[in-house]
Amino acid sequence: MAQAGSNDGGMTIGRMLLSPRGRIPRFDALFAYVCLCVMFAAAAFVWVGWVLAYYRRDPAAALQVLPWMPLGGLSLLVGWMVFCILAKRCHDRDHSAWFLLVGLIPIANLWLLVDLFFWRGTRAANRFGPEPEGMASQWRAANEDL
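If you read the sequence shown in my numbering, its first letter stands for residue 3, the second for the next number, and so on.
Written out as structure tokens, the structure is:
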């Protein structure tokens, strides 16, 4: 029987971004986090530009709620994806996802940053699954002959 949160089928992009179960190595988590932040910032920039250009003749209409609802929906989706990535990273460090609440405490959130993105995860299987094989190790294995 497989352990809860194990990577039996491999880590697909959908599983990585939409499921908080399992583990993810720090490079993969940092890469996914930065990509999500950049993509969200670009989408928000384009959407804000579009809304302001569309409502150029009636600036008061741009302040209504309706034009900004898609950006709110995108924020919820990206927020869930970021939570899933950070929860997996907590699991790799052998913490529960509840550990993310430390990020709400001023100054202590720096500890969360260091713990999740600078320290290596648990080297063997832990209660959240087997040790994850990240992109870097897969790349090394694929290019051993070079």
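All C-beta atoms in this analysis are idealised placements derived from N, C-alpha and C, irrespective of residue type, glycine included.
The model shown is predicted, which means the values in this text are computed figures rather than measured ones.
query = M41: which of A63, V84, I26, A64 sits nearest, CA to CA?
reply = V84
ask   = How is S8 classed by DSSP in three states: helix, strand or coil?
value = Bear in mind that a pLDDT of 46 at S8, under 50, signals an unreliable position, so the model cannot answer this.
inquiry  = With H, G and I counted as helix, E and B as strand and the rest as coil, what does DSSP make of M3?
reply    = For M3, the predicted structure reports a pLDDT of 39, less than 50, and the residue's modelled location is therefore unreliable. A value from the coordinates is still provided. Correct three-state label for M3: coil.
task = Tell me whether G81 sits in a helix, a strand or coil according to DSSP, three-state version.
result = helix
ask   = How close, in whole Å, do the beta carbons of R95 and G123 come, if the pair is a contact with beta carbons under 8 Å?
value = 5 Å
key: Nearest residue (CA-CA) to V80, options A110, Y35, W49   = Y35
key: Exposure of C92, with buried meaning 16 or more beta-carbon neighbours within 10 Å   = buried
request  = Please classify L78: is it buried, with 16 or more other beta-carbons within 10 angstroms of its beta-carbon, or exposed?
outcome  = exposed
inquiry  = Rounding to the nearest angstrom, what Cα-Cα distance links V48 and G131 in this structure?
reply    = 40 Å
Entirely enclosed alpha helix (DSSP H) segments - the region 8 to 73, minimum 4 residues = 15 to 20, 28 to 56
request  = Can you say whether F101 is buried or exposed, counting buried as having 16 or more other CB atoms within 10 angstroms of its CB?
outcome  = buried
Beta-carbon spacing of L118, L88 below 9 Å = yes
Residue span of the alpha helix (DSSP H) that contains A127, given as start and end = Careful: A127 lies outside any alpha helix (DSSP H) and carries neither H nor E.
inquiry  = Assuming R2 and P134 are in contact, meaning their beta carbons sit under 8 Å apart, how far apart are those beta carbons, in whole angstroms?
reply    = Coverage of the chain is limited to positions 3 through 148, which leaves residue 2 absent and any answer about it impossible.
query = Under three-state DSSP, which class holds W113?
reply = helix
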